[in-house]
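Accompanying notes for the structure given below.
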Amino acid sequence: MHDRNSFPLGIPAPRKAILLARLSDKREDVDLTDEGIPASLEDQIQRMRDRAALLGWVVYKVIKNPRLSAYKRRKVTLPDGRREYRVFRPDLREALADLWAGRATALLCLDLDRAFRDPKDLQDLIDVVEHAPHPIVVESCTDSLHMERGKDNFDAEIRVLVANKASRDTARRVSMWRERQARNGKFGGGRRPFGFCLGAPDVPDDAMPEDVVCPWHGGRDCKSGTSTIDYEIAVIADCSGRLLQGVSLRALAAELREKGEVPTVTGAAWSAETLREILLRPRNAGFMVHKGKILDGVTAPWEPIVTPEAFYAVRDLLTDPSRRTGPGAAPRWHGTNIYRCGICTPPDSDSGRPVTCEVTLGGREPRYRCKNANHLTRNAGHVDRLVFAHIAYAITRPEAYMLLAPPAPDVDAPALRGERAAIRATLERYAVEEMLQKRTPGQVAAATQAGIARIAEIDELLTVNIVDDPLAQVINAPDPVAAWRDAGLANQRVLIDRICTVTILPSGRKGRGFDPASVDVDHKHPLGGPPASAIADALAAAA
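In terms of UniProt numbering, the numbers along the sequence shown are unbroken and rise by one, the last being 543.
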């Protein structure tokens with residue numbers, strides 16, 4: 001039997017060792033764990049360096065696993081391409097790869113329990129030690145793990161099984177505790193949810209309770225995760241409503257960034273992804289959640305920020321698989337993706353997906369251009385001022401009330417949501433049957449068109465019963481034109497799309513100057529358009 005500090009044949013040679021350090025994903029960085037094991041990564045690494053020096057090993061690499069669990073499993077892709085539920089351990093995979101390739105010949109960890117909690121991970125290490133083309137030695141600082149080729153690993157296998165059972169028992173107790181917390185309307189812990197405070201901080205031994213107060217409420221009566229922060233819940237309510245009115249997530253996030261009045265919980269810049277995550281939380285509607293499911297019959301101790309109907313509508317909108325969420329910034333121009341190309345999509349054409357325009361700069365004044373082809377460019381400022389003249393005329397007419405949506409009918413919201421879910425499931429089944437040649441493409445296309453049309457009707461019925469008409473705030477204002485100007489870009493885009501269809505036409509007039517006739521404004525109301533003199537005045541005002 002050779003000495004573990006040398007290669008076979010008695011030739012002394014320092015082993016190249018990998019130091020594998022890991023912190024539990026649940027444990028804070030305190031000085032010691034409950035078992036007396038250093039929890040700080042640096043403490044672990046120093047102890048392993050000392051042990052390596054005692055063994056006469058050279059440290060080849062230090063692999064740190066700062067906050068990953070050695071127990072929790074998720075579906076991963078194995079090297080042979082198979083998909084299995086395994087503990088996600090990139091640190092261990094890196095170490096095993098180095099050991100198998102011979103870049104390192106030893107593995108050193110703090111303790112068996114610290115490094116391994118899953119029997120499959122330990123078995124992977126055993127396989128490498130037993131079948132690698134060169135000798136490998138595995139050690140621990142606590143002498144709880146020693147492994148080399150031909151050695152019985154029964155003790156290590158039993159200890160990992162025991163540790164795995166202990167982790168399962170702990171996970172079960174934590175899950176039961178979290179469910180009790182949720183059913184009692186209490187916060188389960190973790191990062192502060194946007195809209196809610198963390199409660200009054202702990203009082204240090206040398207301080208008075210009245211001097212240590214909640215940074216958001218200034219007292220000690222608030223509760224962690226259940227006491228609301230007014231200016232944050234106002235953001236949730238406003239963004240939920242405006243999203244249902246038609247404002248995009250990117251536009252809402254851009255507006256929050258520009259204002260800079262309400263930061264995110266982490267202090268990072270607002271993004272569409274961050275806002276989406278916040279708006280999808282069931283707690284916004286006063287629901288309590290356990291393991292991702294809403295608990296029936298459990299009422300949160302805070303007033304709902306949005307109604308359940310509004311929450312379900314937001315959730316349906318943001319999780320709709322047919323919703324297009326391509327990359328890119330929020331629109332910075334009124335007509336982007338709203339104004340139509342008159343060549344690709346002529347006026348009065350029946351197109352479910354019209355070709356719209358985008359803005360190009362190109363060293364000149366901003367111009368609207370067809371998104372599909374480099375044709376039909378038009379000065380963006382002139383087009384917008386023409387459209388604004390039509391908007392101002394409509395919202396200042398005595399009959400402006402005709403722009404408002406009709407009163408919402410009484411609907412059975414749960415039944416409508418169920419019908420929509422059933423339609424989507426049916427369309428997915430038809431797609432599979434078409435692939436299996438059980439249905440013709442024509443049958444599936446017809447069913448899809450009818451299904452999408454009915455889903456649009458259902459969405460309109462649900463939305464009109466949940467949110468206020470965005471036009472009401474403008475029309476009912478003392479000065480509708482001033483209210484329009486103050487509405488902001490995101491809201492103005494929604495109102496433009498609501499009031500008219502704008503199509504940029506080929507210009508038939510040669511020479512310099514903007515031709516108002518080259519922009520078709522088709523009103524979605526019976527109030528008509530402004531006189532030519534009003535349009536001329538609007539265009540001349542910016543000249």
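Even glycine gets a Cβ: it sits at the ideal position worked out from N, Cα and C.
All of these numbers come straight from a predicted model, not from anything done at the bench.
By the three-class DSSP mapping on this structure, what secondary structure does residue i have?
i	result
LEU539	helix
VAL30	For VAL30, the pLDDT reaches just 44, beneath the cut-off of 50, and the residue's location in the model is therefore unreliable, although a value from the coordinates is still provided. Reduced to three states, the DSSP call for VAL30 is coil.
ARG82	coil
SER140	strand
ASN164	helix
ASN65	strand
LYS151	coil
VAL383	helix
PHE88	coil
VAL444	helix
ALA532	helix
GLY297	strand
MET1	With a pLDDT of 44 at MET1, under the threshold of 50, the modelled position of that residue is not reliable, and the figure given next carries that caveat. It is coil, neither helix nor strand.
ARG172	helix
LYS120	helix
THR105	coil
LEU404	coil
ALA421	helix
THR77	strand
VAL203	coil
PHE196	strand
HIS390	helix
VAL129	helix
ALA415	helix
ALA431	helix
LEU462	helix
ARG15	coil
ARG22	strand
Please state whether the Cβ-Cβ distance between residue i and residue j is less than 7 Å.
i	j	result
ALA21	LEU41	yes
GLY195	ILE229	yes
LYS191	LEU198	The question names Lys, but residue 191 is Arg in the sequence shown. No, they are not a contact pair.
ILE535	TYR368	no
LEU161	LEU19	no
ALA95	ILE126	no
LEU495	LEU403	no
HIS390	VAL521	yes
PRO530	TYR393	yes
ILE423	GLY442	no
VAL314	ALA237	no
ARG385	LEU489	no
ASP479	ILE338	no
ALA104	TYR60	yes
Once you ignore the five residues that flank residue i on each side, which residues in its own chain have a CB closer than 8 Å to its CB?
i	result
ALA413	GLU309, TYR312, LEU462, ASN465
ILE294	PRO282, PHE287, MET288
ILE45	LEU19, ALA21, VAL62, LYS64
SER533	none
VAL481	ALA392, ILE395, THR396
Which same chain residues end up closer than 7 Å to residue i when comparing Cβ atoms and leaving out the 5 residues on each side of it in sequence?
i	result
LYS371	VAL355, THR356, CYS357, GLU358
GLU130	ARG149
VAL444	TYR430, ALA431, GLU434
ARG276	LEU249, LEU318
ILE458	LEU416, GLU419, ARG420
VAL128	LEU96, LEU99, TRP100, ILE136
HIS375	ILE343
HIS525	ALA394, MET402, LEU403, ILE499
VAL213	ALA200, GLY219, ARG220
Any heavy atom of the ligand COA closer than 6 Å to the Cβ of residue i?
i	result
CYS197	Inclusion of the ligand COA in the displayed structure is not the case, the ligand content being empty and no account of it being possible.
Looking only at its own chain, which residues have a Cβ that is under 6 Å from the Cβ of residue i, when we skip the five neighbours before and after it?
i	result
VAL235	VAL262
ALA254	ALA330
GLY246	VAL494
Q.
Threshold first: 3 residues or longer. Then list the beta strand (DSSP E) segments lying entirely within the stretch 472 to 527, N to C.
A. 500 to 504, 519 to 523
Q: Please specify which runs of the beta strand (DSSP E), each continuous and at least 3 residues long, are wholly inside the stretch 303 to 380, giving them in chain order.
A: 357 to 360, 367 to 370
Q: Run through the stretch 208 to 292 for me and flag every whole alpha helix (DSSP H) of 4 or more residues, listed as ranges in chain order.
A: 230 to 245, 249 to 259, 272 to 279
Q. Quick one: any contact between the stretch 116 to 124 and the stretch 82 to 90, if contact means 3 or more CB pairs under 8 Å?
A. yes
Q: Report yes or no: do the stretch 136 to 153 and the stretch 165 to 178 share at least 3 C-beta pairs separated by less than 8 Å?
A: no
Q: Examine the Cβ distances between the stretch 240 to 254 and the stretch 266 to 285 and report whether three or more of them are shorter than 8 Å.
A: yes
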